[in-house]
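See below:
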């Protein structure tokens, strides 16, 4: 089946984009923004490491490895943390 709709490969880039947007947004409601980012981590962090979703993202010719950071962040935080490119390789092999 074919269609012009959104695919599973866009889940990780959308979550990363939403988290970065909340991180960089200047607002009077910083506590609300922080709570949203913490909620993203709580509810969606496990999706970042799901083999099927990571594989779909990597196999999408529009995305490939582009959404993933080159290295793993040194600091472990309470916010959304996508896998690094080397972690993606380990997940899909």
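Numbering (this note's numbering), first residue to last: 117 to 209. Glycine included, C-beta positions come from ideal geometry on N, C-alpha and C.
Residue i and residue j closer than 7 Å at C-beta
{"i": "residue 183", "j": "residue 124", "result": "no"}
{"i": "residue 127", "j": "residue 169", "result": "yes"}
{"i": "residue 177", "j": "residue 200", "result": "no"}
{"i": "residue 187", "j": "residue 179", "result": "no"}
{"i": "residue 149", "j": "residue 143", "result": "yes"}
Closest by C-alpha distance to residue i, when choosing among the options
{"i": "residue 151", "options": "209, 208, 195", "result": "195"}
{"i": "residue 129", "options": "205, 204, 198", "result": "198"}
{"i": "residue 160", "options": "171, 202, 135", "result": "135"}
{"i": "residue 137", "options": "121, 156, 122", "result": "156"}
Length of the line joining the Cα atoms of residue i and residue j
{"i": "residue 164", "j": "residue 140", "result": "21 Å"}
{"i": "residue 153", "j": "residue 193", "result": "11 Å"}
{"i": "residue 119", "j": "residue 145", "result": "39 Å"}
{"i": "residue 190", "j": "residue 166", "result": "22 Å"}
Cβ-Cβ separation, residue j to residue i (assumed contact under 8 Å), whole Å
{"i": "residue 204", "j": "residue 181", "result": "7 Å"}
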